[in-house]
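Residue numbers (my numbering): 1 to 183.
Here is the structure:
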């Protein structure tokens with residue numbers, strides 16, 4: 001998939017340790033975008049880039065392996081669950097483009113890097129986020145909507161969590177899978 005013209009390619013720099021314990025640069029590469037919604041009508045429109053980093057919970061950093069940072073292993077649901085940092089690029093959308101509501105089994109911290117976006121909750125409530133705004137998303141059923149005329153970009157750190165439990169009923173709320181970002 002080609003890079004989005006209005007946004008720079010994301011560079012990933014990962015430090016680690018060599019066999020002798022000295023600090024090294026394990027990765028210094030440009031990330032390749034992926035399309036998590038592979039539908040013909042959205043051909044060429046990238047909604048997410050490959051995640052910038054992933055690590056299993058409780059990862060040992062002594063002479064850490066670089067295997068978990070290869071592009072094939074960075075999609076959610078591949079390998080052990082862990083903390084993921086990803087860059088998300090949202091195209092400008094027409095008013096009639098349907099929203100994709102989904103629930104992640106995670107606590108997400110994010111910051112808008114470029115553009116203006118809205119987060120939409122399952123009851124239709126919306127909030128607008130501008131460049132520099134920070135959000136915390138706690139396993140809610142939600143959708144993202146780019147309301148600017150160009151691509152918007154945000155960075156999010158995804159931390160695995162327990163399923164959301166409804167206080168009134170005890171029901172555990174299920175996760176919504178995103179095809180190319182999950183198993």
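Using N, Cα and C, we set each Cβ at its ideal position, and we do this for glycine too.
- With respect to the 8 angstroms criterion, residue 108 and residue 156 are classified as neighbours on the basis of their beta carbons.
- Here DSSP, grouped into helix, strand and coil, assigns residue 108 to strand.
- Residue pairing from DSSP leaves residue 151 without any beta-bridge partner.
- Inclusion of residue 103 and residue 173 in the CB contact set at 8 angstroms is warranted, their separation being smaller than that value.
- Secondary-structure assignment with DSSP links residue 100 through no beta bridge to anything.
- Residue 90 is positioned such that its CB atom lies no closer than 8 angstroms to that of residue 120.
- Cβ-Cβ separation between residue 114 and residue 126: approximately 20 angstroms, too far for a contact (criterion under 8 angstroms).
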